Amino acid sequence: MNVEIRKENAKTFVKLTGRLDTTNADQFQKDIAPLMEEAKPDYEIDCTDMEYTSSQGLRLFLMLQKSVSSKGGSMVMTNMRPQVKEVFDITGFSNIIRIL
Amino acid sequence: MYFCSMERRFDPVEGKNAEIIETVMNCPEVVNLPEDVKFKVRLCVEEIEENILDYSGTTWVDVHVNAATDELKITFKDGGMEFDPLKRQDPDINAPLEQRQIGGLGIYLCKEMMDSVSYRYENGSNILTMVKKIK
């Protein structure tokens, strides 16, 4: 899983590429650590090239969303592939994370 | 009627997560499945295997892949302590963000994505079987 973080004015764009699973969840957690530090988070996460996530990935998206919400920030995940979206739908994550 | 596509013991099993997943995904009967079915198979193999490694304390896992014309059956057998992951309460998927817990999501995903998931404890081994219809 490759994580690109790009800041434009007050908004942060994140692009995810590849598979997020048990073998790289720890690295992903380190990669997104800066996003947990932001005082006023405003994140748009491009999921066009995110091929896969297991519950290991869901755990980290939940952690990120909780951090963003606790600071009154905003986070949206965009262009999710149907199979990945299904993982979010089945687990009810689509109700707690904004997906466009 | 099933025929065996793959039967392999991972001993020791520690650190073999990726190898187990790729071994199943590279079975001839799995390689040619539609992408959406492969996605589900990969996810469920990962979740079950994670669960075994987290809870059973086993040092080895046997993985069997059996195929029939219309379904795929994957069996995991381990020598750890008796543990039925299917008995675990399903997560509350309607809970608000603040109350959401991560535990149990993996097994829940398997139950939803496979056509059947079953567990038995036999001769000192945990045996978990999942079946996916492929036609």
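Residue numbers (this note's numbering), protein chains in the order written: chain A, 1 to 100; chain B, 1001 to 1135. Backbone N, C-alpha and C define an ideal beta-carbon position, used for all residues, glycine too. Source: prediction; values computed, not measured.
Return the chain-ordered ranges of every alpha helix (DSSP H) run that is complete within the region 1008-1080 of chain B and spans a minimum of 4 residues.
1017-1025, 1028-1031, 1035-1055
Out of A:D46, A:Q56, A:K71, A:F88, state which residue places its alpha-carbon closest to the alpha-carbon of T17 (chain A).
Counting from one through the first sequence, the residue named residue 17 (chain A) turns up at place 17. The residue with the shortest Cα to Cα distance from T17 (chain A) is A:D46.
Could you tell me whether the Cβ atoms of Y1119 (chain B) and K1073 (chain B) are closer together than 8 angstroms?
In the second sequence, the residue the question calls residue 1119 (chain B) occupies position 119. In the second sequence, the residue the question calls residue 1073 (chain B) occupies position 73. The answer is no: Cβ separation not under 8 angstroms.
For the 8 angstroms Cβ check, are there 3 or more pairs between the region 89-100 of chain A and the region 1025-1043 of chain B?
no
Looking only at C-alpha atoms, which of A:I5, A:L62, A:Q27, A:T53 sits nearest to A1095 (chain B)?
Reading the second sequence from its first residue, position 95 is the one you call residue 1095 (chain B). Closest by alpha carbon: A:L62.
Of all the residues that make up the region 59-78 of chain A, which are near chain B by a beta-carbon distance shorter than 7 angstroms?
R59, L62, Q65, K66, S69
Check for me: the beta strand (DSSP E) holding E44 (chain A) runs from which residue to which?
Locating residue 44 (chain A) in the first sequence gives position 44, where the first residue counts as 1. Note, E44 (chain A): beta strand (DSSP E), 42-53.
Chain A partners of N1017 (chain B), CB-CB under 9 angstroms?
By one-based count along the second sequence, residue 1017 (chain B) stands at place 17. By Cβ distance, chain A contributes D21, T22, T23.
What separation, rounded to the nearest whole angstrom, lies between the Cα atoms of K1016 (chain B) and R81 (chain A)?
Numbered from its first residue, the second sequence carries residue 1016 (chain B) at position 16. Numbered from its first residue, the first sequence carries residue 81 (chain A) at position 81. Answer to the nearest angstrom: the Cα atoms are 28 angstroms apart.
With 16 as the cutoff for other CB atoms within 10 Å, does M77 (chain A) come out buried or exposed?
Along the first sequence, read from residue 1 onward, the residue named residue 77 (chain A) stands at position 77. With 16 or more other Cβ atoms within 10 Å, it is buried.
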